[in-house]
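Chains as they are written, first to last, in the numbering used here: chain L, 1 to 298; chain P, 1 to 134.
Just below is one structure, and these are the notes that go with it.
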Amino acid sequence: MANLRDIRRRIKSVKSTAQITKAMELVAAAKMKKAQDQAIAGRGYADKLNKVLVNLKGNTDEESHPLLAKREGNKELMLVISTGRGLCGGLNTNLYKKVVSVSSETTDYVTSGKKLRQQLAKAGKNLIADWEVEDPVPFNDAKPIAKFLTEQFLSGEYDRITVAFSNFVSTLTQTPHVAQLLPIEASGLAEKQDYEGVGKGEVGETNKEEALGVDYEFEPSPEGVLDKLLPLYINFQIYQMLVEARASEHSARMVAMKAATDNAKNMIKDLTLEYNKARQAAITAELLEITTAMKAME
Amino acid sequence: MAFQLDIVTPEKTIFSDTVDDVYLPGSEGEMGILTMHAALVAPLQPGSLRYLKDGQVQELAVGEGFVEVAGDQVSVLIDLAIGEDAIDEAKVEEAMKRAQETLAGINVDHDEYAALQMVIAKSEAMLKLKRKGR
């Protein structure tokens with residue numbers, strides 16, 4: 001029979017663990033709400049941007065733009081958006097598996113978030129840059145990343161730029177997702193992406209017809225506007241993916257912490273039972289001793 | 001005659017209401033939009049945005065982005081839009097000074113050059129608005 005004091009000590013430590021995980025759960029829940037709101041707030045921007053791009057597509061020779069042109073080569077640069085901190089369940093592991101399954105030997109990596117940076121470095125992959133992104137995600141943090149990736153692409157160093165991140169489906173489900181950033185696929189340009197705003201885009205289709213119905217004037221010229229808009233589009237895509245990854249992180253952490261709190265509670269229950277058993281056994285033993293002693297004295 | 005004006009940043013919708021007119025810092029110079037304007041898409045540069053609402057002129061400092069006019073709906077998609085009250089003068093000045101110092105130390109074809117110029121342009125737009133009427 002385990003020592004009473006040992007059990008008591010264990011109960012105490014499990015209790016404080018439960019307190020910590022409970023607190024983390026609450027913090028993650030609040031942050032998750034914020035990240036989700038942020039993703040939804042970007043929806044208006046996404047809709048408008050898509051609408052204009054759909055129209056531009058009809059007005060310009062889209063293959064001619066360097067950001068839209070497909071290349072023969074196969075050198076790939078992948079931006080991997082992971083979390084800065086752990087304790088978020090299998091989020092990073094799942095993302096890593098996905099990254100490994102879709103990338104080839106020659107793929108180079110750019111990372112945001114400490115967790116997969118370390119893991120990729122350990123696996124001996126070629127990392128060329130890393131960014132830290134604040135929480136909640138400021139739009140300005142997306143810009144240098146977008147700029148860097150665009151430059152890498154335009155310099156001809158890489159033929160394809162992709163982004164791997166955890167797509168937020170619901171609080172309980174986050175799926176690892178790899179999306180192509182550059183060259184912007186003309187067919188995919190201005191398509192409603194499922195990561196633009198939490199949930200699927202229900203406005204996507206109607207938008208398209210509506211946008212094509214308007215005959216815009218472009219100032220100074222359709223090409224000039226396209227030159228300005230495509231970088232904005234890339235900025236926005238990166239921002240949206242960062243927000244999405246952040247929402248996934250917080251919800252995964254909340255769920256993981258909830259499970260941890262529940263487990264700790266169960267453990268406390270079991271330990272309390274064991275503690276009471278031990279206590280009763282000790283009392284019984286003591287009573288036995290006293291009665292035996294009394295018997296012996298008679 | 002009024003029309004609908006939406007000012008949207010990726011982070012949130014700043015303004016959404018009917019206005020009588022709006023003046024925007026277009027990349028080709030300032031442009032005014034009144035009701036019944038032809039459908040238009042044009043890029044914007046950092047500067048000041050003014051709109052008339054109920055006889056009152058409101059002014060915002062804006063960053064880069066673009067404007068879309070379609071029917072009686074004007075949408076401004078911008079990365080920064082800030083009213084006079086929200087501008088922290090000291091902070092903006094400091095950011096601008098930092099950007100200018102860095103800018104002075106680097107070459108024109110440096111990666112950061114254009115980005116820093118953008119920071120300075122935005123700071124100038126904000127300071128101009130803040131110091132207006134003094």
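Glycine included, each C-beta is placed from N, C-alpha and C at the ideal position.
Legend entry - The beta strand (DSSP E) enclosing Q58/P, as first and last residue numbers: 56-62
Legend entry - T175/L: first and last residue of the uninterrupted beta strand (DSSP E) it sits in: For T175/L, the enclosing beta strand (DSSP E) begins and ends at 174-182.
Inset, instruction - Please name the residues in the region 66-78 of chain L whose beta-carbon is closer than 9 Å to at least one beta-carbon of chain P, in chain order. - result: none
Legend entry - Contact test: Y275/L Cβ vs the ligand FAD heavy atom, cutoff 7 Å: Among the ligands in the structure shown, none appear at all, so the ligand FAD cannot be discussed.
Inset, instruction - Please name the residue in K97/L, A142/L, A41/L, V255/L whose C-alpha comes closest to that of G89/L. - result: Of the candidates K97/L, A142/L, A41/L, V255/L, the one whose C-alpha sits nearest the C-alpha of G89/L is V255/L.
Inset, instruction - Specify the secondary structure class of G29/P as computed by DSSP and reduced to three states. - result: strand
Legend entry - L77/P beta carbon less than 8 Å from that of L49/P: no
Inset, instruction - Please confirm if V41/P has its CB atom under 8 Å from at least one CB of chain L. - result: yes
Inset, instruction - With a 10 Å radius around its C-beta and 16 neighbouring C-beta atoms as the bar for buried, classify Q118/L as buried or exposed. - result: exposed
Legend entry - Members of the region 224-237 of chain L near chain P, C-beta cut-off 9 Å: G224, V225, D227, K228, L229, L232, N235, F236
Legend entry - 8 Å Cβ cutoff met for S82/L and L127/L: no
Inset, instruction - Taking the CB atoms as reference points, tell me whether V69/P and I14/P lie closer together than 8 Å. - result: no
Inset, instruction - Can you give me the Cβ contacts of V198/L inside the same chain, cut-off strictly under 7 Å, excluding the 5 residues immediately before and after it? - result: For V198/L, the predicted model reports a pLDDT of 47, less than 50, meaning its position is unreliable and no value from the coordinates is stated.
Legend entry - is_contact[G156/L, chain P] using C-beta, thresh 8 Å: no
Inset, instruction - Output yes or no for whether 8 Å exceeds the beta carbon distance between V163/L and K98/L. - result: no
Inset, instruction - Taking all protein chains shown into account, decide if A99/P is buried (16 or more other Cβ within 10 angstroms of its Cβ) or exposed. - result: Buried: at least 16 other Cβ atoms inside 10 Å.
Inset, instruction - Determine, using beta carbons only, whether G83/P comes closer than 8 Å to chain L. - result: no
Legend entry - Residue-chain proximity (K33/L, chain P), Cβ-Cβ < 8 Å: no
Inset, instruction - Taking the CB atoms as reference points, tell me whether A86/P and A125/P lie closer together than 8 Å. - result: no
Legend entry - Delimiting residues of the beta strand (DSSP E) encompassing L40/P: 40-44
Inset, instruction - Quick one: grab the DSSP three-state call for E89/P. - result: Helix at E89/P.
Inset, instruction - Determine which residues share a DSSP beta bridge with D6/P and list them. - result: S16/P, S75/P
Legend entry - Nearest residue (CA-CA) to Q174/L, options N235/L, R253/L, D215/L, N276/L: R253/L
Inset, instruction - Counting only the same chain and skipping the five closest in sequence on each side, list residues whose C-beta sits under 6 Å from that of I145/L. - result: W131, I238
Inset, instruction - Taking 8 Å as the cut-off, decide whether the C-beta atoms of E76/L and T106/L are in contact. - result: Yes, the Cβ-Cβ distance between E76/L and T106/L is below 8 Å.
Inset, instruction - Quick one: list the residues of chain P neighbouring K57/L, beta-carbon separation under 7 Å, in chain order. - result: Those within 7 Å of K57/L in chain P number zero; the least Cβ separation is about 12 Å.
Legend entry - For I7/P and K97/P, the rounded distance between their alpha carbons: Approximately 28 Å, taken between the alpha carbons.
Legend entry - Proximal residues, the region 240-252 of chain L versus chain P, C-beta separation under 7 Å: none
Inset, instruction - Work out the CA separation of L26/L and T18/P for me, nearest whole Å. - result: 40 Å
Inset, instruction - Could you tell me whether any Cβ in chain P is nearer than 8 Å to the Cβ of N3/L? - result: It does not: the Cβ of N3/L has no partner Cβ on chain P nearer than 8 Å.
Inset, instruction - Taking 8 Å as the cut-off, decide whether the C-beta atoms of Y233/L and P10/P are in contact. - result: no
Legend entry - Cβ-based neighbour list, M36/P, same chain, cut-off 7 Å, excluding 5 preceding and 5 following: none
Inset, instruction - Output, in chain order, the set of chain L residues within a Cβ distance shorter than 7 Å of E28/P. - result: E219, P220
Inset, instruction - Using beta-carbon positions only, say whether P43/P and V54/L come within less than 8 Å of one another. - result: no
Inset, instruction - May I ask which residues mark the beginning and end of the alpha helix (DSSP H) holding L287/L? - result: 222-297
Inset, instruction - Using beta-carbon positions only, say whether V243/L and V137/L come within less than 8 Å of one another. - result: yes
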